[in-house]
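Protein chains in written order, with the working numbering: chain D, 742 to 1059; chain F, 3 to 249.
Don't be surprised by glycine CBs; every beta carbon is placed ideally from N, CA and C.
In this text, all values refer to a predicted model and were calculated from it rather than measured experimentally.
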């Protein structure tokens, strides 16, 4: 039921909203079945999750933000209680929360609501219409909590409602909208922190080294794939399969000129010095370990063999 | 990149003007306008236009040569061919010098002041630095560090010039080198990760073996001590028997 939106609004989503929604979902899920204790289901962590036999429940909440002209920027979100009997959201609670948030963030308005699931459903339109008296065109943010390792993009989609004529009846249906992620500096730092989570027990040196190297590996891999695309494009241009585009060629030539990234005598000297320093420190650490092990051995040896000689000469073996 | 974005409008504008220009003098004036515009550094679109290529056959061939010079050549090219080419306005001279810096940045990352001064016909360092800062860096076509102690310019970024026909092959070669280097790097990183894991496995195994051996010896000692302890009641005898066992 979702096609492309034509309203011309640009959406900007902050990562805080995504983290809030996934946190809400995870908390509800772990509270529902505490014996299963599922692993953290955030979208950033691609770890495996325990397959729960219970169906995952949907969580609901409200998104707030600022709308300036054609740009809708979604900053924050909060949770709402869902009443399954009336199939609607708890209205007094919503209004109370809205008042509270207004006091702290006077510029933020309720822009829409969020939920979890794989796709927008018919029943969601009911909630959508209920919100339409607060905001004449609310947005619906949908998070798909299923972890799909092959999927490269965020499982977050934004829907708008549009009036389409279906079977002669004008109906509101959900249409997909595209969005961009916009970060404030504080958000960028926290997202970066989450991305670099080390194993909680600190691990051995090998696991930390592996974690560090894996980060570098994936970064180089992404760069590699993008350079490959450029390479293919230039090859096609050489064979005249695509028309020559001069401005692109100019940009590529300026890009290639940036290689090698650093090259000067001073850099080589500094680099080699730092490399030698690291090697020296690890050598020193090894030496210290060896000498301490040797010391222990000598102690044990003297305790085992020499003590009775010092006590007055009655040796049991000679 | 932003330079290309800024230029794209200008390029479209000049291309339209050039296609609209019907006769040679109008076309030459468009060329002169384009080459003196302070923000335009890309001329290959204009060079590709059919009316411009037709100038080859007419008297105004010199203007076509001048356009080619601005697309691919540098300041010293102009000086050596000055008789054949039309007189340049100061704007054009400035632009040609900027393009010269771009070309120099193509081949080397570190440009010594002496070479720059020679290529740009500038006599003292102060003028050179003023030129680099005002005309190149503020225009956004060059980004880099001026090192006065070592008298060189370290280029971090330089805008691209128009491509000569043979350069496309070089670029493809560079790209494929880059690709192969990054592939090698990926493979070696994976090897390192595997090595680190295997080394830690070996170390854990070794530690476990040593622990097991220690446990075994402790157990056997304890058993022997236990059997001996019935016979000897004095502590002295205990110690002697323990030492017997140790050897």
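### Backbone CA spacing between residue 49 of chain F and residue 177 of chain F [nearest angstrom]
Numbered from 1 along the second chain, position 47 holds the residue referred to as residue 49 of chain F. Numbered from 1 along the second chain, position 175 holds the residue referred to as residue 177 of chain F. For residue 49 of chain F and residue 177 of chain F, the distance between alpha carbons rounds to 26 Å.
### Message
From the DSSP secondary-structure annotation, give me the bridge partner or partners of residue 70 of chain F.
### Response
For the purposes of this step, residue 70 of chain F is taken as the residue at position 68 of the second chain. In the DSSP output, where bridge partners are listed per residue, residue 70 of chain F has none listed.
### Message
Once the 5 residues before and after residue 923 of chain D are set aside, which same chain residues still bring their CB inside 8 Å of it?
### Response
Looking up residue 923 of chain D in the first chain gives position 182. 753, 754, 755, 814.
### Task
May I ask you to report which of helix, strand or coil DSSP gives residue 170 of chain F?
If you number the second chain from 1, residue 170 of chain F lands on position 168. Helix at residue 170 of chain F.
### residue 229 of chain F classed as buried or exposed, judged by whether at least 16 other C-beta atoms fall within 10 angstroms
In the second chain, residue 229 of chain F corresponds to position 227, counting from 1. When all chains shown are included, residue 229 of chain F counts as exposed.
### Task
Indicate the three-state DSSP secondary structure (helix, strand or coil) for residue 980 of chain D in the structure shown.
Taking the first chain and counting its residues from 1, one reaches residue 980 of chain D at position 239. Coil, per DSSP.
### Query
When burial is assigned at 16 or more other CB atoms within 10 Å of the CB, is residue 224 of chain F buried or exposed?
Counting from 1 along the second chain, the entry for residue 224 of chain F is found at position 222. Label assigned to residue 224 of chain F: exposed.
### Task
Locate the alpha helix (DSSP H) running through residue 1015 of chain D, then write down its first and last residues.
Counted from its first residue, the first chain places residue 1015 of chain D at position 274. Run containing residue 1015 of chain D: 1006 to 1046, per the alpha helix (DSSP H) assignment.
### Query
Whose C-beta lies closer than 6 Å to the C-beta of residue 903 of chain D among residues of the same chain, with five residues either side of it excluded?
Within the first chain, the letter at position 162 stands for residue 903 of chain D. The answer, listed in chain order, is 916.
### Message
Suppose you measure from the CA of residue 10 of chain F to the CA of residue 749 of chain D; what does that come to, to the nearest Å?
### Response
Along the second chain, one-based indexing puts residue 10 of chain F at 8. Along the first chain, one-based indexing puts residue 749 of chain D at 8. Their backbone Cα atoms lie some 25 Å apart in a straight line.
### Sequence-distant residues of the same chain with beta carbon closer than 8 Å to residue 80 of chain F, five excluded per side
For the purposes of this step, residue 80 of chain F is identified with residue 78 of the second chain, where counting begins at 1. Same-chain partners within the cutoff: 71, 87, 90, 98.
### Task
Give a yes or no on whether the C-beta atoms belonging to residue 758 of chain D and residue 817 of chain D are separated by under 8 Å.
Position 17 of the first chain holds residue 758 of chain D. Position 76 of the first chain holds residue 817 of chain D. The answer is yes: Cβ separation under 8 Å.
#### Entry: One or two residues paired with residue 114 of chain F in a DSSP bridge
To locate residue 114 of chain F, count along the second chain from 1; it is residue 112. Looking at the DSSP assignment, residue 114 of chain F forms a beta bridge with F/154.
### Task
Please confirm whether residue 45 of chain F and residue 36 of chain F have their CB atoms less than 8 Å apart.
For the purposes of this step, residue 45 of chain F is identified with residue 43 of the second chain, where counting begins at 1. For the purposes of this step, residue 36 of chain F is identified with residue 34 of the second chain, where counting begins at 1. Yes; because the gap between Cβ atoms is below 8 Å, this pair is in contact.
### Query
At a Cβ threshold of 8 Å, is residue 1032 of chain D touching chain F?
Taking the first chain and counting its residues from 1, one reaches residue 1032 of chain D at position 291. No, residue 1032 of chain D does not count as interfacial toward chain F.
### Query
How would you call residue 203 of chain F, buried or exposed, if buried means at least 16 neighbouring beta carbons within 10 angstroms?
As a first step, residue 203 of chain F must be located in the second chain, where it is residue number 201. Exposed.
### Query
Is the CB of residue 938 of chain D under 8 Å away from at least one CB in chain F?
Taking the first residue of the first chain as position 1, residue 938 of chain D is located at position 197. False, the Cβ-Cβ gap to chain F never drops below 8 Å.
### Query
Does the ligand NAP have a heavy atom nearer than 7 Å to the CB of residue 880 of chain D?
The ligand NAP is not part of the structure shown, which contains no ligands of any sort.
### Task
For the alpha helix (DSSP H) containing residue 844 of chain D, list its first residue and its last residue.
Reading the first chain from its first residue, position 103 is the one you call residue 844 of chain D. Where residue 844 of chain D is concerned, the enclosing alpha helix (DSSP H) stretches over 832 to 845.
### Query
Could you give the C-beta distance for residue 879 of chain D and residue 853 of chain D, rounded to a whole number, given that I count them as a contact under 8 Å?
Along the first chain, read from residue 1 onward, the residue named residue 879 of chain D stands at position 138. Along the first chain, read from residue 1 onward, the residue named residue 853 of chain D stands at position 112. The pair is a contact, with the Cβ atoms about 4 Å apart (cut-off 8 Å).
### Query
Would you call residue 115 of chain F buried or exposed, if buried means 16 or more other Cβ atoms sit within 10 Å of its Cβ?
As a working note, residue 115 of chain F is residue 113 in the second chain. By the neighbour-count rule (16 or more Cβ atoms within 10 Å), residue 115 of chain F is buried.
### Contacts that residue 192 of chain F makes with chain D (C-beta to C-beta distance below 8 Å)
Position 190 of the second chain, counting from 1, holds the residue named residue 192 of chain F. Here the neighbours are 958.
### Message
Could you give the first and the last residue of the continuous beta strand (DSSP E) run that contains residue 145 of chain F?
### Response
Your numbering for residue 145 of chain F matches position 143 in the second chain. Its beta strand (DSSP E) spans residues 144 to 149.
### Query
Helix, strand or coil: how does DSSP classify residue 824 of chain D here?
In the first chain, counting from the first residue as 1, residue 824 of chain D sits at position 83. Strand.
### Message
Rounded to whole angstroms, what is the Cα-Cα separation between residue 141 of chain F and residue 24 of chain F?
### Response
Taking the first residue of the second chain as 1, we reach residue 141 of chain F at position 139. Taking the first residue of the second chain as 1, we reach residue 24 of chain F at position 22. Cα-Cα distance, rounded: 33 Å.
### Beta-carbon proximity check, residue 113 of chain F vs residue 130 of chain F, cutoff 8 Å
In the second chain, counting from the first residue as 1, residue 113 of chain F sits at position 111. In the second chain, counting from the first residue as 1, residue 130 of chain F sits at position 128. For residue 113 of chain F and residue 130 of chain F, no; Cβs fall outside 8 Å.
### Task
Could you confirm whether any beta carbon from chain D is found closer than 8 Å to the beta carbon of residue 159 of chain F?
For this step, residue 159 of chain F is matched to residue 157 along the second chain. Yes, residue 159 of chain F counts as interfacial toward chain D.
#### Entry: Contact list for the region 162 to 188 of chain F against chain D, Cβ threshold 8 Å
162, 163, 164, 165, 169, 170, 171, 173, 174, 176, 177, 178, 180, 181, 184, 185, 187, 188
### Endpoints, beta strand (DSSP E) assigned at residue 902 of chain D
Here the question's residue 902 of chain D lines up with position 161 in the first chain. Residues 897 to 907.
### Query
Is residue 47 of chain F buried or exposed, if buried means 16 or more other CB atoms sit within 10 Å of its CB?
Position 45 of the second chain, counted from the start, is the residue given in the question as residue 47 of chain F. Looking at its Cβ environment, which holds 16 or more other Cβ atoms inside 10 Å, residue 47 of chain F is buried.
#### Entry: Proximal residues of chain D, C-beta to C-beta of residue 195 of chain F below 8 Å
One-based indexing of the second chain puts residue 195 of chain F at position 193. Chain D residues near residue 195 of chain F: 950, 951, 954, 955, 958.
### Task
Taking all protein chains shown into account, decide if residue 1016 of chain D is buried (16 or more other Cβ within 10 angstroms of its Cβ) or exposed.
The residue you call residue 1016 of chain D lines up with position 275 of the first chain. When all chains shown are included, residue 1016 of chain D counts as exposed.
### Query
Is the distance from the Cβ of residue 965 of chain D to the Cβ of residue 184 of chain F below 8 Å?
Here residue 965 of chain D refers to the residue found at position 224 of the first chain. Here residue 184 of chain F refers to the residue found at position 182 of the second chain. Contact: yes.
### Query
Which residues in chain D sit within 9 Å of residue 44 of chain F, going by Cβ to Cβ distance?
As a working note, residue 44 of chain F is residue 42 in the second chain. In chain order: 987, 988, 991.
### Message
Taking the beta strand (DSSP E) that residue 76 of chain F belongs to, which residues open and close that run?
### Response
Here residue 76 of chain F refers to the residue found at position 74 when the second chain is read from its first residue. Unbroken run through residue 76 of chain F: none, as it is neither H nor E.
### Query
chain F partners of residue 977 of chain D, CB-CB under 8 Å?
As a position in the first chain, residue 977 of chain D is number 236, starting the count at 1. The contacting residues do not exist; residue 977 of chain D stays about 11 Å from chain F at best.
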